[in-house]
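What follows is a set of notes on a single structure, which appears directly below.
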Amino acid sequence: MIYFVGAGSGAPDLITLRGDRLLRQADCVVYAGSLVNPALLEACRPDCALYDSARMTLEEIVEVMVQAEKKGGLCVRLHTGDPCLYGAIREQMDALDAAGIAYEVVPGVSSFCGAAAAAKAEYTVPGVSQTVILTRVAGRTPVPAGQELSALAAHQASMVLFLSAGLLEKAQQELLAGGYPAETPAALVYKATWPEEKVVRCTVSTLAASARENGIEKTALVLVGRFLGEEGERSLLYHPAFTTGFRKGQEP
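Using the working numbering, the first residue of the sequence shown is number -2, and each one after it goes up by one.
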């Protein structure tokens, strides 16, 4: 059996109990070496075969999984964060489908959740934003038509940029061109939930300069939106006058 496992956002104790159990049982682990905390691999058995996918092609990764299946072993494909976001698991699953090999996906804590925790922020603030956009700026890999950063910026929603820390000049220009006011709050969250975590607060117009000043070039998420400010309304859910399925609201 092949298991795609989310390693979590960085801290070793943020992997799920299921993911940890599978790592301890695995005969073979293919891990994203450029992003996964190596401390997680300490859970593996001494005889577990370890492969760093940062140095492998898709074909090589799939071959390792196929051979593990032929031997009757348990293989873990360990992805950073949650595999469903920028994990490139679709192409791996397609290859396993073609080979007739069963697999399962084990979710993990995404780095965008870790970044919000580090910034002590809530993406969905009543009266400010009820929508979160997870995206990236186009670089060597393009984005689909209509999903350019400038187009998404028009929504003025809470936004999290993955894979964009090295392209902040371009990201800043597109965010401003799309309609975010220059003074819109922003934050750079470097290695969220890792021991070296750092949160740099700035504005949309100072994103690139703030990154340069703090030596941030990669392994950082970019948070953008008014949710990082002081605005916001009280939630109705816990308002004494609001009736829910569990309690009747009381008029003041």
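Ideal Cβ placement from N, Cα and C applies to all residues, glycine included. Because the structure is a prediction, the values reported are computed rather than measured.
Q. The beta strand (DSSP E) with Glu101 in it runs from where to where?
A. Residue mapping note: residue 101 aligns to position 104 of the sequence shown, counting from 1. Per DSSP, Glu101 belongs to the beta strand (DSSP E) from Tyr100 to Val103.
Q) Does DSSP classify Pro35 as helix, strand or coil? A) What you label residue 35 is simply residue 38 of the sequence shown in a count that begins at 1. Looking at Pro35 - three-state DSSP - the assignment turns out to be helix.
Q. Is it true that the stretch 192 to 199 meets the stretch 233 to 240, where meeting means three or more beta-carbon pairs spaced less than 8 Å apart?
A. no
Q. When the Cα of Tyr0 is compared with those of Ala135, Val26, Pro9 and Thr181, which residue comes out closest?
A. To locate residue 0, count along the sequence shown from 1; it is residue 3. Of the candidates Ala135, Val26, Pro9 and Thr181, the one whose C-alpha sits nearest the C-alpha of Tyr0 is Val26.
Q: Kindly indicate which residue of Ala115, Leu172, Leu19 and Ala162 has the alpha-carbon position closest to the one of Ala73.
A: Along the sequence shown, read from residue 1 onward, the residue named residue 73 stands at position 76. In the sequence as displayed, the identity of residue 73 is Val instead of Ala. Here the closest residue by C-alpha is Leu19.
Q. Is the closest heavy atom of the ligand FAD to the C-beta of Thr241 under 6 Å?
A. Looking at this structure, you won't find the ligand FAD or any other ligand, since it has none at all.
Q. Which residue comes first and which comes last in the beta strand (DSSP E) that contains Cys25?
A. Mapped onto the sequence shown, residue 25 falls at position 28. Unbroken beta strand (DSSP E) run through Cys25: Cys25 to Tyr28.
(Q) Closest to Leu173 by C-alpha separation, out of Ser155, Leu185, Ser202 and Ala206, would be which residue? (A) In the sequence shown, residue 173 corresponds to position 176, counting from 1. Looking at the Cα atoms, Ser202 is the closest of the given residues.
**Q.** Same chain, Cβ closer than 8 Å to Gly124, five either side skipped, listed in chain order
**A.** Mapped onto the sequence shown, residue 124 falls at position 127. Excluding positions up to five away in sequence, the list reads Glu228, Gly229 and Glu230.
Q. So does the stretch 96 to 111 actually touch the stretch -2 to 16, counting three or more Cβ pairs closer than 8 Å?
A. yes
(Q) In the DSSP assignment, the beta strand (DSSP E) including Ala183 goes from what residue to what residue? (A) As a working note, residue 183 is residue 186 in the sequence shown. Element bounds for Ala183: Pro182 to Tyr187.
Q. What is the DSSP secondary structure of Lys67, reduced to helix, strand or coil?
A. Translated into positions along the sequence shown, residue 67 becomes position 70. DSSP places Lys67 in helix when its eight states are reduced to three.
Q | Candidates Pro139, Glu88, Ala142 and Val106, of which the one nearest Gly78 by Cα | A | Along the sequence shown, one-based indexing puts residue 78 at 81. Closest by alpha carbon: Val106.
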